[in-house]
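K.L.:
Once you've had a glance at the structure underneath, I'll fire off some questions.
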Amino acid sequence: MRGALNPEQRAAVEHPGGPLLVLAGAGTGKTRVLVHRIAYLIEAGVSPWEILAVTFTNKAAGEMRERLHQILGDRSRGLWVGTFHSICARLLRRWGEAVGLTRSFVIFDDDDQQRLIQRLIKDAGIDEQVTPRSLSTRFDRAKNRGLDPTRIITGLPIDDHVRLIYPRYQEQLARENAVDFNDLLLKVLDLARDAELGPKLATLFRHVLVDEFQDTNLVQYALVRHLASVTRNLTVVGDDDQSIYGWRGAEPRNLLDFDADFPDATVIKLEQNYRSTSVILEAANAVIDKNVDRRGKALWTDRGGGDLIEWRQFGDERGEAMEVARTIRELIDEYGVSPRDVAILYRTNAQSRPLEEQLLRYRIQPKILGGVLFFERREIKDAMAYLRLVSNPAADSGFERVVNVPARGIGETTVERVRAQAAAHQLSLLDAARAVVRGEVAGVTPTVRKKLASFVDVIDGLAAVRDAGASVAEQVIQVVERSGLREKLEAEGTPEARERLDNLAALVNMASDFDDELGSEGTLDLFLERTALVAGADDDDRGEVVRLMTVHIAKGLEFPYVFLCGLEDGLFPSLRERDGASEAEALEEERRLAYVAITRARDKLVMTAARTRRVWGEIRIQAASRFIEDIPPSCLALPVRPPAPRPTPMLVAPRPAGRPQRPSRGFGRGSWDEHDQRSGDDDVPVYDVHADLRPSDGFAVGAEVSHAAFGTGRVVEARGSGKDTRLTVDFPSVGRKVVLARFLARS
DNA sequence: GTCGTCCCGGGTTCC
DNA sequence: CCGGGACGAC
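If you're matching positions, the first sequence starts at 1021 in my numbering and goes up one per residue.
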C-alpha cells in the first residue's frame, strides 16, 4: 500500500504516548503503521536506542529494520528491533550473570532439547511409553505461562515422568551453561525481579512496540508489562482473527483484554483493507464470521469486484498438483505473470512434495519456504555441535552428539564409561573422556583409549585454532576438516553426500558473512547464539521462483495470485485432537488459519482439494473442507461438471497389504476400478475446466520428452512408478541418460 | 563396534 | 511414505 495514511493510521502513528492498542485486520497496513510510528518517534526526538520494537520472526525484524533504514537512513541505527528471544539473549549477554549465566551461555534448540530429554528418559530407565516430545510439550506448556511444569497435575501417568525428568533437565541445562527457548525469556523475568536490575530494565526503553500481539504468550506479556511499567508507552498491534499459534502457548486474550489491563489505553481499529479484491475479502469475512470468540471487526475495501474464487476438486493429490502447475504455466505464458507473484499455500509440509514434482515437470522453479530448515540438517547440527564443544567444554549434549561422528569406533559402551566417570567426579563428559584417555579408569583397553584420545585431540586442536585468533569462518573450515566430516562425505560420493558437503560449504559462507559484518567483534559464541535463534537462514527466495509454504509461514505476506491446496476436511481444517484445547477451540483456530490463508491473496485465489489422498502410504477418501460451505456461493466460480459423471463409490475397499493394486484409470479413459477412485499415473481431475489443455499422459516408451539441461529426447525405457519413475532417454545432443521422470516434461 | 533389517510412529511452527 | 530406534549378524 502506498500513499497517504488514512485518519486511523495517522492517529496510531502520531499517538502521543501511553498505552495504545491497534486492532488491525489483515491487509490494513499495520506493519506500515508500526514503521511510521517508530519513524515519527525518532523525528520527535526520541533516541533510537530508547525504542524497542518486538516482532514475531527474525524475518519480520529484518524487514522492519530495512524499511526504517529507507525512511530514516543512519538515524535508525541503534534501534532495538528483534524477536522476544533475540532481545532477551542480548539482555542476558549483558546482565545474565545476575541470574547465574556466564557470558558464553548457549541456547538449546528444539532438537537439542529432544535429545537431552531422550537421554534423561534412558538414564531414568523409564520403560513405559513416554516420548521426549510428550515431555517437552508438558515442560513448554507450563513454562509458556511462567509455571513450574512439575506442579501441573493432570492425573495422567505422565505427571510422574514430568516430576522425575524436569528437575534433571534443568540441572543439565545449568551444568552446560545452557538455556532453552523458554528459559531465555524466563531468565529475563528473573532479572526483572532483581532489586537492582529490575528498575533498570523498566526504564531502559522509552517506547515499547509489539507486533503480532495476539501471538504473545503470558511470559512475553509479563515481560512487556515490566519493560513499559514506568513509561507506560506501550504500543501493541495485532489481529485476534489471525491468532494461529495457540498450540504453542499464544494467548489471544492478551490482545482481547489489553484495554482491561490498561484502562486508559487508546484503542484504534484499522478496518480498511488495501490488499484484496472485495470478492476475496467477502469470502474471508464469511469464514471468520463463524467464530464466536472474537473481538469483531468488519474489514472493507473500496477495491470493487475482482475475479471469482476458483474452487476445484481432483481425483487425487497428484491430479491436484498437476492442475495447479498447469494453471501457473498458463498464467506465466499467456498472461505474462511473474512466477514471483504466485504462491502455493497448504496446511502441512507433507503436501509440498507432489506440488514440487509437478511444477518441475512444467518447468517452473519451485522454492519451498520452511520445510526442512538449514540448521536442522544433520551435517549442520554436527558441525555446530563441534563448535559448541569448542566454545564450551561443558557442552555435554554436543559431546554426546559428535563423539562418534563421523564413526571413529567409539560406541555406546565406551560412552557409558565416560558418563560414569563424569557422574562420579562431577566432570563434564569431555573432561571425563580426558581422564579415560589418561588411563584413570579401569577396564578400558588401550585401543579404546586411543580412539577416545583422537576425539579429544580434535577438540583441543580446534580450541588451539580459536586461540590463535582464527576467524569464525576459519574455525568452521577447521571443524569440517579435523573432525573428518569432509573426508567421510567425500568418500561416500553419493549425490546426498555431495549435498551435505554443499550445506557445510554454505555454513562456511554464512560464517564468512558473519565475520565480514562484525569484524573482530565476531566471536564464536556470538555466532552460535545467532544461529540458534535463526531457524531458517535458508529462505533466500529470490529469483524467478514460485514459492510454496504452509499457511503459518505465509502469515504477514501477500501475493497477487494464491493457490490454496488441500482444502479437505481433516486436513484443513486439521481435526487431529490436541490436548489442552477443546475441539471447538481447535476448530476456531483452524478457521483463523483459513482466514489468514484467504487474505494472503491480492487479486486471484484458487482453492483446490483432492478426493483421495495418500497419507503415510495409506489412501484416504477426503471430503471437501467445511470452510468451503461458509463461503457465499456468489464468490465462487465452480467448474463445469463433465457430461457423464461417473458413479460415486458407495464403499471403498481397504487396499490389501503388500499387493500392489493395478492403477485405475481416471474419468473418460476407459475402465476404472469402482472400489478405488484414485486415479493412476495418467491422472485426470475429477472436474476439469481445461480438459483440452491438459498435457498428454504418461511417459510411454517412444514418447518425446524434454529436459531442462539435456534438451529434447525420446524415451527408450521406463522403470519404477510414481515419483521414482526412472526413464532411459535418448537425447540426440548428449546420448542416453537415465533420468527421474519428474525432471522431464513432455514436448 | 558397525552395519543391515525390521518395526513403529509421526501433522502444523516460531524462537 | 519417511526416519529413527531396536535388534541381530558379522
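For glycine and all other residues, C-beta sits at the position ideal for the given N, C-alpha and C.
Quick caveat, the model's predicted, so the values are computed rather than measured.
For L1301 and I1648, what's the separation of their Cα atoms in angstroms?
P.N.:
As a working mapping, residue 1301 is identified with position 281 in the first sequence. As a working mapping, residue 1648 is identified with position 628 in the first sequence. Approximately 14 Å between the Cα atoms of the pair.
K.L.:
Between the region 1492-1500 and the region 1358-1377, do three or more beta carbon pairs fall short of 8 Å?
P.N.:
At 8 Å Cβ cutoff, the stretches do not touch.
K.L.:
Helix, strand or coil for K1163? Go by DSSP, reduced to three states.
P.N.:
Numbered from its first residue, the first sequence carries residue 1163 at position 143. K1163 falls in the helix class under three-state DSSP.
K.L.:
Could you compute how far the alpha carbon of V1435 sits from the alpha carbon of G1513?
P.N.:
Here residue 1435 corresponds to residue number 415 of the first sequence, with the count starting at 1. Here residue 1513 corresponds to residue number 493 of the first sequence, with the count starting at 1. Looking at the two C-alpha atoms, the distance is approximately 29 Å.
K.L.:
If you drop the 5 nearest sequence neighbours on each side, which residues of the same chain put their C-beta closer than 7 Å to that of I1479?
P.N.:
Mapped onto the first sequence, residue 1479 falls at position 459. Correct list, in chain order: L1409, V1410 and L1450.
K.L.:
Roughly how many angstroms lie between the CA atoms of L1155 and I1137, to the nearest whole one?
P.N.:
Taking the first residue of the first sequence as position 1, residue 1155 is located at position 135. Taking the first residue of the first sequence as position 1, residue 1137 is located at position 117. If you take the alpha carbons of L1155 and I1137, they lie about 8 Å apart.
K.L.:
Indicate, with yes or no, if the ligand ZN has a heavy atom lying under 8 Å from the CB of V1492.
P.N.:
Among the components modelled here there is no ligand, and therefore nothing to report on the ligand ZN.
K.L.:
Let me confirm a value: V1312 is counted as buried when at least 16 other C-beta atoms fall within 10 Å, else exposed. Which label applies?
P.N.:
Position 292 of the first sequence, counted from the first residue, corresponds to residue 1312. The residue in question, V1312, is exposed, as its Cβ has fewer than 16 Cβ neighbours within 10 Å.
K.L.:
Relative to the C-alpha of D1015, which candidate in L1375, K1310, D1322 and G1324 has its C-alpha closest?
P.N.:
This structure does not reach residue 1015, given that the chain is present from 1021 up to 1767, and the question cannot be answered.
K.L.:
Taking C-beta to C-beta, are V1257 and F1233 nearer than 9 Å?
P.N.:
As a first step, residue 1257 must be located in the first sequence, where it is residue number 237. As a first step, residue 1233 must be located in the first sequence, where it is residue number 213. Yes, these two residues count as a Cβ contact at 9 Å.
K.L.:
Would T1048 and Q1292 qualify as a contact pair, given that the criterion is a beta-carbon distance under 9 Å?
P.N.:
Within the first sequence, residue 1048 is the residue found at index 28, counting from 1. Within the first sequence, residue 1292 is the residue found at index 272, counting from 1. Yes, Cβ-Cβ distance for T1048 and Q1292 is below 9 Å.
K.L.:
Touch check for the region 1603-1613 and the region 1411-1430: three-plus C-beta pairs under 8 Å?
P.N.:
Touching, no.
K.L.:
Using 10 angstroms around the beta-carbon of R1123, count the other beta-carbons present and answer buried if the total reaches 16, otherwise exposed.
P.N.:
Translated into the one-based positions of the first sequence, residue 1123 becomes position 103. It counts as exposed.
K.L.:
With a threshold of 16 other CB atoms inside 10 Å of the CB of W1636, please say whether the residue is buried or exposed.
P.N.:
As a working note, residue 1636 is residue 616 in the first sequence. Classification for W1636: exposed.
K.L.:
So which of L1238, F1583, K1220 and L1121 has the shortest CA-CA distance to N1197?
P.N.:
Your numbering for residue 1197 matches position 177 in the first sequence. It is L1121 whose Cα lies nearest to the Cα of N1197.
K.L.:
Using 8 Å as the Cβ pair cut-off and three pairs as the minimum, do the region 1218-1228 and the region 1244-1259 touch?
P.N.:
Contact holds: three or more Cβ-Cβ distances are below 8 Å.
K.L.:
In angstroms, rounded to a whole number, what distance separates the CA positions of Q1576 and R1620?
P.N.:
In the first sequence, residue 1576 corresponds to position 556, counting from 1. In the first sequence, residue 1620 corresponds to position 600, counting from 1. A quick correction: the sequence has Gly, not Gln, at residue 1576. Between G1576 and R1620, the C-alpha separation is close to 8 Å.
K.L.:
Residues bridged to P1386 by DSSP?
P.N.:
Here residue 1386 refers to the residue found at position 366 when the first sequence is read from its first residue. According to DSSP, which records beta bridges pairwise, P1386 is partnered with V1566.
K.L.:
Considering only the beta carbon of each residue, do N1164 and V1074 sit closer than 9 Å?
P.N.:
Along the first sequence, read from residue 1 onward, the residue named residue 1164 stands at position 144. Along the first sequence, read from residue 1 onward, the residue named residue 1074 stands at position 54. Contact: no.
K.L.:
Helix or strand or just coil, what does DSSP make of A1526?
P.N.:
Within the first sequence, the letter at position 506 stands for residue 1526. Looking at A1526 - three-state DSSP - the assignment turns out to be helix.
K.L.:
Rounded to a whole number of angstroms, what is the C-alpha to C-alpha distance between I1288 and R1323?
P.N.:
Working through the first sequence from its first residue, we reach residue 1288 at position 268. Working through the first sequence from its first residue, we reach residue 1323 at position 303. When rounded, the distance between both Cα atoms is 22 Å.
K.L.:
Mapping DSSP to helix, strand and coil, what is K1317?
P.N.:
Numbered from its first residue, the first sequence carries residue 1317 at position 297. Here K1317 sits in coil by DSSP.
K.L.:
May I have a chain-ordered list of the alpha helix (DSSP H) segments no shorter than 4 residues that lie completely inside the region 1239-1286?
P.N.:
List check, alpha helix (DSSP H) in window: 1273-1276 and 1278-1281.
K.L.:
I'd like to know whether the C-beta atoms of T1255 and R1095 end up nearer to each other than 9 Å.
P.N.:
On the first sequence, residue 1255 is found 235 positions in, with the first residue counted as 1. On the first sequence, residue 1095 is found 75 positions in, with the first residue counted as 1. Taking 9 Å as the Cβ cut-off, T1255 and R1095 do not qualify as a contacting pair.
K.L.:
Would you check if the region 1519-1527 and the region 1398-1418 touch, i.e. whether three or more CB-CB distances between them fall below 8 Å?
P.N.:
Short answer: they touch.
K.L.:
Entirely within the region 1059-1097 and at least 3 residues each: give me those beta strand (DSSP E) ranges in chain order.
P.N.:
For the region 1059-1097, whole beta strand (DSSP E) runs of length 3 or above, ordered along the chain, are 1071-1075.
K.L.:
Under a Cβ-count criterion, where at least 16 other Cβ atoms within 10 Å of its own Cβ denotes burial, should K1142 be classed as buried or exposed?
P.N.:
The residue given as residue 1142 occupies position 122 in the first sequence. The residue in question, K1142, is exposed, as its Cβ has fewer than 16 Cβ neighbours within 10 Å.
K.L.:
Is L1025 closer than 9 Å to A1059 when the C-beta atoms are compared?
P.N.:
Indexing the first sequence from 1 puts residue 1059 at position 39. Indexing the first sequence from 1 puts residue 1025 at position 5. No, the Cβ-Cβ distance between A1059 and L1025 is not below 9 Å.
K.L.:
Going straight from the alpha carbon of D1168 to that of N1078, what length do you get?
P.N.:
Start at 1 with the first residue of the first sequence, and residue 1168 comes out as number 148. Start at 1 with the first residue of the first sequence, and residue 1078 comes out as number 58. Approximately 28 Å, taken between the alpha carbons.
K.L.:
Go through the region 1481-1517 residue by residue and report every complete run of the alpha helix (DSSP H) that reaches 4 residues or more, in order.
P.N.:
Counting whole runs of 4 or more residues, the region 1481-1517 contains the alpha helix (DSSP H) stretches 1492-1502 and 1505-1512.
K.L.:
Going straight from the alpha carbon of L1509 to that of A1517, what length do you get?
P.N.:
The count along the first sequence starts at 1 and reaches residue 1509 at position 489. The count along the first sequence starts at 1 and reaches residue 1517 at position 497. Rounded to whole angstroms, L1509 to A1517 spans 5 Å at the Cα level.
K.L.:
Could you tell me which residues DSSP pairs with R1633 in its beta bridges?
P.N.:
Sequence index remark: in the first sequence, residue 1633 carries index 613 (1-based). For R1633, which the question treats as bridged, DSSP gives the partners R1640.
K.L.:
Report yes if the C-beta distance between T1236 and N1202 is below 9 Å; otherwise report no.
P.N.:
Taking the first residue of the first sequence as position 1, residue 1236 is located at position 216. Taking the first residue of the first sequence as position 1, residue 1202 is located at position 182. Against a cut-off of 9 Å, the Cβ pair of N1202 and T1236 comes out as no contact.
K.L.:
Does D1623 come out as helix, strand or coil in the three-state DSSP assignment?
P.N.:
Counting from one through the first sequence, the residue named residue 1623 turns up at place 603. Reduced to three states, the DSSP call for D1623 is strand.
K.L.:
Ignore the nearest five residues each way along the sequence and tell me which others in G1463's own chain have a CB closer than 6 Å to its CB.
P.N.:
In the first sequence, counting from the first residue as 1, residue 1463 sits at position 443. Excluding positions up to five away in sequence, the list is empty.
K.L.:
Please state the DSSP three-state secondary structure of T1628.
P.N.:
Here residue 1628 is taken as the residue at index 608 of the first sequence, counted from 1. T1628: strand per DSSP, three-state reduction.
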